[in-house]
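Here the structure is laid out as structure tokens; the discussion comes afterwards.
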Amino acid sequence: MMNPTLQALPPLDRDVLGKLFGKSLLLTTDWTTAELEALLAVAARLQARDHGRGGVPADNALIPNELAYAVFFDNSTRTKSAWAGAASRLGMSPVIVDGSSTQVSHGETAVETGAMLGMNAHAMGIRHDLILGEGNAFMRDVKKGIDDYLGATDKAQKVPVVNLQCDIDHPTQTLADLAWLREHFGDVDAIRGKKIGVSWAYSPSYAKPLSVPQGLITLLTRFGADVTLAHPEGYQLMDSCVGAAGKQATESGGSFRVVGDMDQAFEGAAAVYPKSWGPYDLMLERVAANRAADKDALGDIERRALERNAKHTDWICDERRMGLTEGGDALYMHCLPADIGDEVTPGVMAKHTVNVAREANWKVYVIMAMLAVGKVEGLADRLG
Amino acid sequence: MMNPTLQALPPLDRDVLGKLFGKSLLLTTDWTTAELEALLAVAARLQARDHGRGGVPADNALIPNELAYAVFFDNSTRTKSAWAGAASRLGMSPVIVDGSSTQVSHGETAVETGAMLGMNAHAMGIRHDLILGEGNAFMRDVKKGIDDYLGATDKAQKVPVVNLQCDIDHPTQTLADLAWLREHFGDVDAIRGKKIGVSWAYSPSYAKPLSVPQGLITLLTRFGADVTLAHPEGYQLMDSCVGAAGKQATESGGSFRVVGDMDQAFEGAAAVYPKSWGPYDLMLERVAANRAADKDALGDIERRALERNAKHTDWICDERRMGLTEGGDALYMHCLPADIGDEVTPGVMAKHTVNVAREANWKVYVIMAMLAVGKVEGLADRLG
Amino acid sequence: MMNPTLQALPPLDRDVLGKLFGKSLLLTTDWTTAELEALLAVAARLQARDHGRGGVPADNALIPNELAYAVFFDNSTRTKSAWAGAASRLGMSPVIVDGSSTQVSHGETAVETGAMLGMNAHAMGIRHDLILGEGNAFMRDVKKGIDDYLGATDKAQKVPVVNLQCDIDHPTQTLADLAWLREHFGDVDAIRGKKIGVSWAYSPSYAKPLSVPQGLITLLTRFGADVTLAHPEGYQLMDSCVGAAGKQATESGGSFRVVGDMDQAFEGAAAVYPKSWGPYDLMLERVAANRAADKDALGDIERRALERNAKHTDWICDERRMGLTEGGDALYMHCLPADIGDEVTPGVMAKHTVNVAREANWKVYVIMAMLAVGKVEGLADRLG
Numbered sequence: 000m001m002n003p004t005l006q007a008l009p010p011l012d013r014d015v016l017g018k019l020f021g022k023s024l025l026l027t028t029d030w031t032t033a034e035l036e037a038l039l040a041v042a043a044r045l046q047a048r049d050h051g052r053g054g055v056p057a058d059n060a061l062i063p064n065e066l067a068y069a070v071f072f073d074n075s076t077r078t079k080s081a082w083a084g085a086a087s088r089l090g091m092s093p094v095i096v097d098g099s100s101t102q103v104s105h106g107e108t109a110v111e112t113g114a115m116l117g118m119n120a121h122a123m124g125i126r127h128d129l130i131l132g133e134g135n136a137f138m139r140d141v142k143k144g145i146d147d148y149l150g151a152t153d154k155a156q157k158v159p160v161v162n163l164q165c166d167i168d169h170p171t172q173t174l175a176d177l178a179w180l181r182e183h184f185g186d187v188d189a190i191r192g193k194k195i196g197v198s199w200a201y202s203p204s205y206a207k208p209l210s211v212p213q214g215l216i217t218l219l220t221r222f223g224a225d226v227t228l229a230h231p232e233g234y235q236l237m238d239s240c241v242g243a244a245g246k247q248a249t250e251s252g253g254s255f256r257v258v259g260d261m262d263q264a265f266e267g268a269a270a271v272y273p274k275s276w277g278p279y280d281l282m283l284e285r286v287a288a289n290r291a292a293d294k295d296a297l298g299d300i301e302r303r304a305l306e307r308n309a310k311h312t313d314w315i316c317d318e319r320r321m322g323l324t325e326g327g328d329a330l331y332m333h334c335l336p337a338d339i340g341d342e343v344t345p346g347v348m349a350k351h352t353v354n355v356a357r358e359a360n361w362k363v364y365v366i367m368a369m370l371a372v373g374k375v376e377g378l379a380d381r382l383g
Numbered sequence: 000m001m002n003p004t005l006q007a008l009p010p011l012d013r014d015v016l017g018k019l020f021g022k023s024l025l026l027t028t029d030w031t032t033a034e035l036e037a038l039l040a041v042a043a044r045l046q047a048r049d050h051g052r053g054g055v056p057a058d059n060a061l062i063p064n065e066l067a068y069a070v071f072f073d074n075s076t077r078t079k080s081a082w083a084g085a086a087s088r089l090g091m092s093p094v095i096v097d098g099s100s101t102q103v104s105h106g107e108t109a110v111e112t113g114a115m116l117g118m119n120a121h122a123m124g125i126r127h128d129l130i131l132g133e134g135n136a137f138m139r140d141v142k143k144g145i146d147d148y149l150g151a152t153d154k155a156q157k158v159p160v161v162n163l164q165c166d167i168d169h170p171t172q173t174l175a176d177l178a179w180l181r182e183h184f185g186d187v188d189a190i191r192g193k194k195i196g197v198s199w200a201y202s203p204s205y206a207k208p209l210s211v212p213q214g215l216i217t218l219l220t221r222f223g224a225d226v227t228l229a230h231p232e233g234y235q236l237m238d239s240c241v242g243a244a245g246k247q248a249t250e251s252g253g254s255f256r257v258v259g260d261m262d263q264a265f266e267g268a269a270a271v272y273p274k275s276w277g278p279y280d281l282m283l284e285r286v287a288a289n290r291a292a293d294k295d296a297l298g299d300i301e302r303r304a305l306e307r308n309a310k311h312t313d314w315i316c317d318e319r320r321m322g323l324t325e326g327g328d329a330l331y332m333h334c335l336p337a338d339i340g341d342e343v344t345p346g347v348m349a350k351h352t353v354n355v356a357r358e359a360n361w362k363v364y365v366i367m368a369m370l371a372v373g374k375v376e377g378l379a380d381r382l383g
Numbered sequence: 000m001m002n003p004t005l006q007a008l009p010p011l012d013r014d015v016l017g018k019l020f021g022k023s024l025l026l027t028t029d030w031t032t033a034e035l036e037a038l039l040a041v042a043a044r045l046q047a048r049d050h051g052r053g054g055v056p057a058d059n060a061l062i063p064n065e066l067a068y069a070v071f072f073d074n075s076t077r078t079k080s081a082w083a084g085a086a087s088r089l090g091m092s093p094v095i096v097d098g099s100s101t102q103v104s105h106g107e108t109a110v111e112t113g114a115m116l117g118m119n120a121h122a123m124g125i126r127h128d129l130i131l132g133e134g135n136a137f138m139r140d141v142k143k144g145i146d147d148y149l150g151a152t153d154k155a156q157k158v159p160v161v162n163l164q165c166d167i168d169h170p171t172q173t174l175a176d177l178a179w180l181r182e183h184f185g186d187v188d189a190i191r192g193k194k195i196g197v198s199w200a201y202s203p204s205y206a207k208p209l210s211v212p213q214g215l216i217t218l219l220t221r222f223g224a225d226v227t228l229a230h231p232e233g234y235q236l237m238d239s240c241v242g243a244a245g246k247q248a249t250e251s252g253g254s255f256r257v258v259g260d261m262d263q264a265f266e267g268a269a270a271v272y273p274k275s276w277g278p279y280d281l282m283l284e285r286v287a288a289n290r291a292a293d294k295d296a297l298g299d300i301e302r303r304a305l306e307r308n309a310k311h312t313d314w315i316c317d318e319r320r321m322g323l324t325e326g327g328d329a330l331y332m333h334c335l336p337a338d339i340g341d342e343v344t345p346g347v348m349a350k351h352t353v354n355v356a357r358e359a360n361w362k363v364y365v366i367m368a369m370l371a372v373g374k375v376e377g378l379a380d381r382l383g
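Residue numbers (the numbering used here), protein chains in the order written: chain A, 0 to 383; chain B, 0 to 383; chain C, 0 to 383.
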């Protein structure tokens, strides 16, 4: 008899899971909603098992003796350890390398790198998030290299590529956020009709990537939420993401609007996600400076970005704004690390410390689910 | 019937081992003597098994499919590979990251880092040894973050934190040293009443941390040894460590004294541990310079530390001084790497090459024992 | 009954394999031809199994719960992931560290490092290729440290050292190249009597090590090939390698000659291997500059090396030169990454994209074979 916890979870869709075998996750918008639901159902099972509620042994070693290789072109605490934790739990060997120590910095092409890694590794994670127009393109090139190579040889091996944050999206983060919203609100369809505020917030620390807010608006609008995006003038997101959010909201029966006032994102919201990102025009300027490897120019852009940020120090998630939310008690969300005192007041953070940790904890199960659906044939039967 | 080698080893204390489940090792002074004995008894069994004397299969895979994550804020050859070797032997996946590549360098708090890593990893190792007052505090904050998170959620997971060298102590090193002293002298109680000299020695290479001598005097004095600490003026250790050493020596029936003459540490000693460390006042100056991220100041402090060291080039472990020891034949010890020609003469080192290697080899079993006692329920039964 | 694929592979030589237990691979010239054949026969079996043609389960976990530790003193994409992929497939835990993050940069000796790593790890990979006269010597010192330590203690552990590229040779690359030549030409003895051209080619990117061409001429001449080495004046290889190539060619019934014209290496060749390396005199100048840690001098040498390279931009593998080869259709080979447009035209590379990927793919099986022969007793029986 099935364990009651597993029974209460959304059922696994065998047909859809079958189609996910070998699949990469480069943008959530590349996946159908049914595919995302199947992935999240797997993640929920893996979480229940790992938290000891699954009624089955803790051993999830579905992918023994395989290599889970991740390349990071930017710093990471959470995602590196989530990748390693996910791979280890599945019996894979996690190896993490810094992009700067590879020959990629010697001008090797991404397609070539992909072919190489695809033959040696069994799954690939990549973080490449600092330069607009480059990170996701790099991942696609790596994937093309892998596919070309595997297609041309007789290797049956599947090597899914997992986007661990690019210039456009941060899918393992936003899917973890969605899984947490569902857990918190207690229902798979819980965000339908709920107001969720995604807002820019002030940060003095560095010009952060756009991928989290972009990923949020393109993901949450698919599930019927009423999403409000707030940011100061000049902090717009990529047109393609804003466009997709609007279109999807219409299709899903939700809504999407962009406003220039942080309060509006909070008014009546069931959940708020205030976080900083860099000014759009300066993020674009970075592209050319990076191609020219012009460190002075990059430093100057960073300085100007922080000056620009400093004009909006009042964009903070504080007690007054939380008071505007539904019942004055919205769920505070953040991908962490938050700049406490700048993006959010110490008091608001203190109240939600466990919430943001539980939110973050979903990432390891989303990555496990990605690896499991991409790598394990007959996964539904294996998960019981 | 139990294998004779295992029978000759100190017995495992089931009650004490039961209490060590989930426990971190941040300072040896946090542990009772009975707890340290239990840990060392486990280490001795793991060594016997790994060296093929255990009469049981070499497979120690007590912790499969779990992640042993280590963060290093300073260089390491021995400890990195000992961590990885310990984790691998237990079936864990070792992953080692440099602190500079995490978001910790973006100002993330240690408590926050701890929460994140605690949910993703199954055990944590940390080296953070260069700044007085900071390394151990960082580890405690990480541990608090892990405990807060695990306490607030429903995860049964235990995530012990292992100090892989901090500003105060280097417990996996000093416990390896103690295990080696016992193996060398052939008895668990072997250091009782033995004179052990811990001495400063000259080094021109860099201002080394205080953690090894501090860890030695606070550990060895608990087991009845007569410990002499020798150093030039200005090279004192932290008051708290010196105080603890004196108090413990009284309690254990041993003795502890601090002298200003290297010869006195050697006279009649059964074992000597001559190694360099930085001048105390300059190690303190480093704190402010490090907080200000003032590279010039740090460089200047380092330069002055080496100038100060250079006034004491005669503090070397040479043949004459070894001649002062018990029977002229004391055991030479070092945590390695030693500055040969400066801390120790080539001749003394050559005579003890295998000894220091056997000493060093204990570290992998101490770390294995730490992971095993912290992670494996019913460990005594599993080890047979 | 044995699987047909395995039956078609060269048989495993039990006697020779028995002697390879515990053996390191530092130079192919250290191994007898029979030993190299035994290694390649193992690699072929591991490839067949991993590609799903072996008729046995994909699980190659012959070395569970052991640590495969690699230290890289130079960048790497392919070899790092090949090392990790090989170790993972065998059930080992791969850990890769950058040489700069170890205490080796604090002046620790290689012998000492070897002793330490030898006790903690179960196999060691090292890349140390930038300084003539140093990389292979470092590896030998590490091996000596391991052997001294294991010899002096009671540990049965075998810790083979694998050269992942040094100043003299790149054996896992050249053995992969040889395995690919045999696969491509469809026969174990396929290169006997075949003309193979190894040629310098122009690169503007950096002064590349000599190890690949040196390794190729010393390996291929042992198997009866007619090897032509072509390079501009000033780009000679180490005398010892050129001398060995000539001697071996005579012994094997092949031939070896050095020419100053790229075309001659292509005329009638069945396979060509055009790749860049640095000017010999400047590679020697680098030795002193590196010992003095003189960054300005190293930068100046690099600048002059690229100036020198730029006098030979016509040394490119293009369609005209490929037209000179056997049937105008030689196999193009490269260790990758190639400088497309400089070492080789885009058209030639495009035609051989899958070939160079299949060539590269052999590296993971050569490393697996190295680890398996060095670590697994009774390997022939285990591989079936």
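Just so you know, even glycine gets a beta-carbon here, dropped at the ideal spot from N, CA and C.
CB contact below 7 Å: residue i versus chain A
i	result
Gly298 of chain C	no
Lys310 of chain B	no
Lys154 of chain B	yes
Thr101 of chain B	Unreliable positioning characterises Thr101 of chain B in this predicted model, as indicated by a pLDDT of 49, which lies under 50. A coordinate reading is not provided.
Asn64 of chain B	yes
Chain C within 7 Å of residue i, Cβ atoms only
i	result
Ser104 of chain B	Bear in mind that the predicted position of Ser104 of chain B carries a pLDDT of just 45, short of 50, making it unreliable; the figure below should be weighed with that in mind. False, the Cβ-Cβ gap to chain C never drops below 7 Å.
Val110 of chain B	no
Ala81 of chain B	yes
Asn360 of chain B	yes
Ser198 of chain B	no
Where the alpha helix (DSSP H) through residue i begins and ends
i	result
Lys274 of chain A	It is not in any alpha helix (DSSP H) - Lys274 of chain A instead sits in the beta strand (DSSP E) that spans 270-274.
Arg381 of chain A	378-382
Ala40 of chain A	32-49
Span of the beta strand (DSSP E) around residue i
i	result
Cys165 of chain A	160-165
Ser92 of chain B	92-97
Residue(s) in a DSSP beta bridge with residue i
i	result
Trp199 of chain B	B:Lys274
Thr227 of chain C	C:Gly196, C:Arg256
Ala385 of chain A	Shown here, chain A extends from 0 to 383; a query on residue 385 of chain A therefore has no answer.
Cβ of residue i within 7 Å of any chain B Cβ
i	result
Arg44 of chain A	no
Ser92 of chain C	yes
Asn119 of chain C	yes
Leu149 of chain C	no
Met115 of chain C	yes
Ala371 of chain C	no
Between the segment 350-365 of chain B and the segment 116-124 of chain C, can you find at least three pairs of beta-carbon atoms closer than 8 Å? The segment 116-124 of chain C is in contact with the segment 350-365 of chain B.
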